[in-house]
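Numbering (UniProt numbering), first residue to last: 1 to 374.
Encoded as structure tokens, the structure appears first; notes follow it.
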């Protein structure tokens with residue numbers, strides 16, 4: 001997936017539902033498609049269970065008189081995920097593997113971000129959107145339109161450890177004339193505790209011209225039938241951190257890592273640097289003292305420019321100054337991070353092209369004191 005994104009218009013849903021009921025057509029076929037995906041209690045369920053694999057389908061009690069038109073793949077039958085009963089969100093369970101944990105013996109933030117991306121893609125596939133990595137509708141593919149991420153905000157309250165089972169729920173909503181949003185809630189499957197939340201904003205772009213494109217009514221109608229009919233936000237709190245504007249990091253940065261080069265492994269199926277790679281680059285310039293004594297609690301990234309495989313990137317980091325520190329910096333040039341009794345600290349980040357200094361990504365992180373070792 002590329003980097004950029006956003007969503008928020010809901011009145012189109014009721015209009016769409018009324019019109020589709022009166023005049024069956026493409027939109028009604030989409031509704032039928034969703035019902036069939038949800039109601040498809042697989043005829044092969046028995047064989048899948050005999051083989052030890054979980055079954056994807058969710059029964060809703062509705063009667064489907066037509067034969068199943070969509071034969072699930074082996075991956076569908078084994079995947080621990082499915083649409084929820086109302087068909088408006090998707091849940092999937094993941095086991096944290098040994099290679100997904102870091103020095104703290106818990107899942108890394110990159111692991112969390114990869115799981116968010118995975119469950120988002122699986123959700124898109126489960127409702128019949130494309131499998132090309134862009135989660136595009138039929139009309140979008142016809143017009144060469146794609147979704148790109150504009151903003152990502154992740155909050156982790158407790159990092160899962162190796163062999164923990166995490167359940168992630170995700171859903172989409174409309175936001176504005178050129179965008180959409182996707183939200184996630186992460187739970188410890190063993191006890192139902194919410195261990196993290198995330199939200200992202202996506203915008204529509206023409207794949208050929210690389211210019212932003214307004215979301216047309218045809219495209220909106222194609223995906224709104226899979227969205228909650230009333231606003232549902234992972235962060236419903238007023239003035240929550242996901243809404244916070246990221247201030248520009250001013251030169252000179254206090255910490256830097258110069259000359260980062262995308263690896264082949266950083267490229268996604270669309271030949272662009274994957275969203276998750278930016279998180280790693282941001283953390284490359286964090287001071288060792290913070291990495292050793294704190295763990296990442298919140299990360300917000302604003303994606304401003306695509307990064308190609310031959311670009312060279314500089315990662316810059318400075319403490320986010322509180323009012324007192326800002327005054328001190330003007331007198332002695334020694335900025336200090338915002339701190340709450342040394343239990344937390346905040347930083348600003350900038351990824352830019354090494355040659356011309358163009359901004360690729362602007363970020364903000366919050367860190368909390370590490371808990372006792374598990």
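Virtual Cβ for every residue (Gly too), placed ideally from N, Cα, C.
* residue 143 to residue 346 span [Cα, whole Å] -> 42 Å
* Burial state of residue 327 (16 or more Cβ within 10 Å) -> Residue confidence is low: residue 327 scores 37 on pLDDT, short of 50, so the model does not pin down where it sits. No coordinate-derived value is stated.
* With distances taken from CA atoms, which of 227, 187, 302, 353 is nearest residue 379? -> Residue numbering for the chain in the displayed model covers 1 to 374; residue 379 lies beyond these limits and cannot be assessed.
* Rounded C-alpha distance that separates residue 370 from residue 296 -> 9 Å
* Asked: How far does the beta strand (DSSP E) with residue 92 in it reach, from first residue to last?
  -> 90–95
* **Distance between residue 178 and residue 211 (C-alpha atoms, nearest Å)** => 11 Å
* Asked: Under the DSSP definition of a beta bridge, which residues are partnered with residue 129?
  -> DSSP lists no partner for residue 129.
* To do: Spatial neighbours of residue 273 within its chain, please: CB distance less than 6 Å, with the 5 preceding and 5 following residues excluded, ordered by chain position.
  => 262, 266, 307
* Label residue 334 either buried or exposed according to how many other C-beta atoms from any shown protein chain fall within 10 Å of its C-beta, with 16 as the threshold for buried. => Model confidence at residue 334 stands at a pLDDT of 45, short of 50, so the residue's coordinates are unreliable and nothing is read from them.
* Coarse secondary structure for residue 249, derived from DSSP in three states -> coil
* To do: For the UniProt domain "Acyl-ACP thioesterase N-terminal hotdog" (87–223), list the alpha helix (DSSP H) runs that are entirely contained and at least 4 residues long, ordered along the chain.
  => 109–126, 138–142
* Less than 8 Å separating the beta-carbons of residue 348 and residue 281? -> no
* Does DSSP put residue 275 in a helix, in a strand, or in coil? -> helix
* Delimiting residues of the alpha helix (DSSP H) encompassing residue 76 -> 74–78
* Decide yes or no for the touch test of the stretch 91–99 against the stretch 156–163: beta carbon pairs closer than 8 Å, at least 3 of them. => yes
* Could you spell out where the beta strand (DSSP E) holding residue 293 opens and where it closes? => Per DSSP, residue 293 belongs to no beta strand (DSSP E); it is in the alpha helix (DSSP H), 288–293.
* residue 148, buried or exposed, once every other Cβ within 10 Å from all chains shown has been counted against 16 -> buried
* Beta-carbon gap between residue 170 and residue 120 smaller than 8 Å -> yes
* **Alpha-carbon to alpha-carbon, residue 372 and residue 182** => 33 Å
* To do: Kindly say whether residue 183, judged by its beta-carbon, lies nearer than 8 Å to any beta-carbon of chain B.
  => Among the protein chains of the structure shown there is no chain B, as only one such chain exists.
* Sorted by chain position, which residues of the same chain lie with C-beta nearer than 8 Å to residue 367's C-beta, five sequence neighbours on each side aside? -> 290, 294, 295, 296, 297, 344, 345, 346, 347
* Could you tell me how far apart the beta carbons of residue 184 and residue 234 are, in whole angstroms, since I believe they sit closer than 8 Å? => 6 Å
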